[in-house]
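*Asks:* Pasting in a structure now, in structure tokens, and then I'll have a few things to ask.
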DNA sequence: ACATAATAGCTGCCTAGGCAGATATTGTTT
DNA sequence: AAACAATATCTGCCTAGGCAGCTATTATGT
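Have a look at this one:
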């Protein structure tokens with residue numbers, strides 16, 4: 002148990018997890034978007050497609066949680082995928098508030114065809130990491146994400162995303 | 002050497018580093034901003050203040066790189082810190098293109114007074130991690146960040162941030 | 001010396017996404 | 001069953017930050 006890993010007087014931003022994570026995300030996301038610049042969909046849209054295909058999500062609300070976006074942004078993202086014929090909206094019969102999302106065959110094709118771009122980037126980046134290092138990193142990040150989620154849930158001083 | 006950690010057919014978004022990092026950042030940053038909601042500065046502004054105080058940065062361009070923002074956004078961020086009397090701009094004499102930034106005593110006070118909020122959050126989140134796990138995570142993330150930076154530099158298909 | 005390129009900073013413009021409010025539907029209390 | 005709360009989606013509005021273009025200054029090549 003690390004009661005106090007960080008202390009005010011020894012704190013350095015270069016070793017701050019928040020700094021490292023934010024900076025990494027700030028480099029990755031625009032680059033990923035750039036990899037998609039010549040495509041008909043954006044990187045975020047691709048992430049949504051893949052999550053639908055893999056059954057990780059199947060409604061707008063799911064996608065909002067998955068991407069960490071708000072529901073308004075998600076509605077608009079789905080609007081575009083629908084307009085391009087990659088996704089179909091169907092009002093659910095069991096619960097008429099929800100709109101079920103499903104991929105069209107073209108959506109499935111687009112999701113698949115773009116996957117190699119992202120994987121190639123990551124495999125390049127991870128070239129100097131051993132396989133066990135990558136596994137460790139993924140495991141620690143997964144736990145960290147879980148810890149943050151519960152911490153934010155416990156401390157409901159402010160309404161959180163996916164409202 | 003992990004030549005190919007990720008493969009197209011075994012790829013799952015839940016184990017994707019990009020997903021984990023982006024999602025974590027998407028949870029952390031708004032929460033950090035919320036912690037500052039009652040303050041006169043935002044979280045990003047605080048990060049800039051601290052980086053100036055610690056000598057990690059001392060110009061706009063430095064801060065842009067540190068935050069992963071573009072230079073326009075940084076100009077406006079500094080504008081606000083200057084308007085609030087927390088930072089002073091001084092044209093450099095050695096190189097008259099650059100504007101040196103320095104904290105006022107009030108800026109120093111504000112930077113210091115807000116640090117505990119962030120550290121407390123992180124110490125709560127890290128409660129279930131051993132000290133060595135945190136160290137490992139920081140080390141792996143630092144290397145990952147470095148690897149991404151060099152990867153992006155090698156592949157200059159598109160101009161990168163801090164233009 | 002002169003042309004060219006690179007760098008620091010600033011400004012206008014635009015978009016992605018956050019926020020709050022509205023509707024429709026379902027669940028829970030009393 | 002009436003009231004209230006919660007959830008899913010959608011819409012308008014607004015801001016932070018990305019992008020491109022501009023000037024001033026310095027560095028580099030010829």
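Chains as they are written, first to last, in our numbering: chain V, 2 to 164; chain W, 2 to 164.
Glycine included, every Cβ here is placed at the ideal spot set by N, Cα and C.
Within the region 118–142 of chain V, note down every full beta strand (DSSP E) run reaching 3 residues or more, in order along the chain.
*Replies:* DSSP runs (the beta strand (DSSP E)) wholly in the region 118–142 of chain V: none.
*Asks:* Closer than 8 Å, Cβ to any Cβ of chain V: which residues of the region 20–43 of chain W, in chain order?
*Replies:* Those would be 20, 21, 22, 23, 24, 25, 26, 27, 28, 29, 30, 31, 32, 33, 35, 38, in chain order.
*Asks:* Looking at the strands, I want to know which residues DSSP matches up with residue 153 of chain W.
*Replies:* Looking at the DSSP assignment, residue 153 of chain W forms no beta bridge with any residue, so it has no partner.
*Asks:* Is it true that the region 87–100 of chain W meets the region 135–155 of chain W, where meeting means three or more beta-carbon pairs spaced less than 8 Å apart?
*Replies:* No, the region 87–100 of chain W does not touch the region 135–155 of chain W.
*Asks:* In angstroms, rounded to a whole number, what distance separates the CA positions of residue 45 of chain V and residue 51 of chain V?
*Replies:* So the two alpha carbons sit approximately 10 Å from each other.
*Asks:* Closer than 7 Å, Cβ to Cβ, to anything on chain V: give me those residues from the region 69–96 of chain W, in chain order.
*Replies:* The residues in question are 69.
*Asks:* In terms of residue numbering, what span does the beta strand (DSSP E) encompassing residue 88 of chain W cover?
*Replies:* Where residue 88 of chain W is concerned, the enclosing beta strand (DSSP E) stretches over 88–92.
*Asks:* Tell me whether residue 173 of chain W is buried or exposed, calling it buried when 16 or more other Cβ atoms sit within 10 Å of its Cβ.
*Replies:* Outside the shown range of chain W (2 to 164) lies residue 173 of chain W, about which nothing can therefore be said.
*Asks:* For a test of the three-state rule: what should DSSP assign to residue 60 of chain V, helix, strand or coil?
*Replies:* Residue 60 of chain V: strand per DSSP, three-state reduction.
*Asks:* Helix, strand or coil: which one does DSSP assign to residue 13 of chain V?
*Replies:* In this structure, residue 13 of chain V counts as coil in the three-state DSSP scheme.
*Asks:* If contact means a Cβ-Cβ distance below 8 Å, which residues of the region 129–148 of chain W contact chain V?
*Replies:* If the cut-off is 8 Å between Cβ atoms, the region 129–148 of chain W has 129, 130, 131, 132, 134, 135, 137, 138, 139, 141, 142, 143, 144, 145, 146, 148 near chain V.
*Asks:* Please classify residue 110 of chain W as buried or exposed, where buried requires at least 16 other C-beta atoms within 10 Å of its C-beta.
*Replies:* By the neighbour-count rule (16 or more Cβ atoms within 10 Å), residue 110 of chain W is not buried but exposed.
*Asks:* Taking 8 Å as the CB-CB cut-off, is residue 59 of chain V touching chain W?
*Replies:* It does not; no Cβ of chain W falls within 8 Å.
*Asks:* In angstroms, rounded to a whole number, what distance separates the CA positions of residue 9 of chain W and residue 58 of chain V?
*Replies:* Approximately 20 Å, taken between the alpha carbons.
*Asks:* Going straight from the alpha carbon of residue 41 of chain W to that of residue 13 of chain W, what length do you get?
*Replies:* Going by the C-alpha atoms only, they are around 42 Å apart.
*Asks:* At a cut-off of 7 Å, would you count residue 104 of chain V as near the ligand NAD, judging by its Cβ distance to the nearest heavy atom?
*Replies:* This structure lacks the ligand NAD, and indeed carries no ligand of any kind.
*Asks:* The alpha helix (DSSP H) spanning residue 30 of chain V covers which residue range?
*Replies:* Start and end: 18–36.
*Asks:* Mind checking if residue 13 of chain W is an interface residue toward chain V, Cβ cutoff 8 Å exclusive?
*Replies:* It does; some Cβ of chain V falls within 8 Å.
*Asks:* Report yes if the C-beta distance between residue 102 of chain W and residue 53 of chain W is below 8 Å; otherwise report no.
*Replies:* In this structure, residue 53 of chain W lies closer than 8 Å to residue 102 of chain W by Cβ.
*Asks:* If I'm right that residue 1 of chain W touches residue 22 of chain V with Cβ under 8 Å, what's the distance once you round it to whole angstroms?
*Replies:* What is shown of chain W runs 2 to 164, which leaves residue 1 of chain W out entirely.
*Asks:* Of the residues V:55, V:66, V:81, V:128, which one's Cα is nearest the Cα of residue 112 of chain V?
*Replies:* Of the listed residues, the one whose Cα sits closest to residue 112 of chain V is V:55.
*Asks:* Applying the criterion that 16 or more other CB atoms from any shown protein chain within 10 Å of the CB defines a buried residue, is residue 75 of chain W buried or exposed?
*Replies:* So residue 75 of chain W counts as buried.
*Asks:* To the nearest angstrom, report how far apart residue 140 of chain V and residue 64 of chain V are at their CA atoms.
*Replies:* Cα-Cα distance, rounded: 23 Å.
*Asks:* In the DSSP assignment, the alpha helix (DSSP H) including residue 100 of chain W goes from what residue to what residue?
*Replies:* Here residue 100 of chain W belongs to no alpha helix (DSSP H); instead the beta strand (DSSP E) covers 100–104.
*Asks:* Residues of chain W with CB closer than 7 Å to the CB of residue 125 of chain V, please, in chain order.
*Replies:* 152, listed in chain order.
*Asks:* Name the chain V residues that come within less than 9 Å of residue 116 of chain W, Cβ to Cβ?
*Replies:* 9, 12, listed in chain order.
*Asks:* Can you give the Cα-Cα distance for residue 61 of chain V and residue 68 of chain W, rounded to whole angstroms?
*Replies:* Straight-line Cα distance between these residues: approximately 31 Å.
*Asks:* Does DSSP put residue 83 of chain V in a helix, a strand or coil?
*Replies:* Of the three classes helix, strand and coil, the one that applies to residue 83 of chain V here is helix, per DSSP.
*Asks:* Does residue 63 of chain V come within less than 8 Å of chain W when only Cβ atoms are used?
*Replies:* No, residue 63 of chain V does not count as interfacial toward chain W.
*Asks:* Where does the unbroken alpha helix (DSSP H) through residue 40 of chain V begin, and where does it stop?
*Replies:* Counting along the chain, residue 40 of chain V falls outside any alpha helix (DSSP H), and DSSP gives it neither H nor E.
*Asks:* Around the C-beta of residue 19 of chain W, are 16 or more other C-beta atoms found within 10 angstroms, so that it is buried, or is it exposed?
*Replies:* By the neighbour-count rule (16 or more Cβ atoms within 10 Å), residue 19 of chain W is buried.
*Asks:* Quick check on residue 108 of chain V: buried or exposed, where buried means 16 or more other Cβ atoms within 10 Å of its Cβ?
*Replies:* The residue in question, residue 108 of chain V, is buried, as its Cβ has 16 or more Cβ neighbours within 10 Å.
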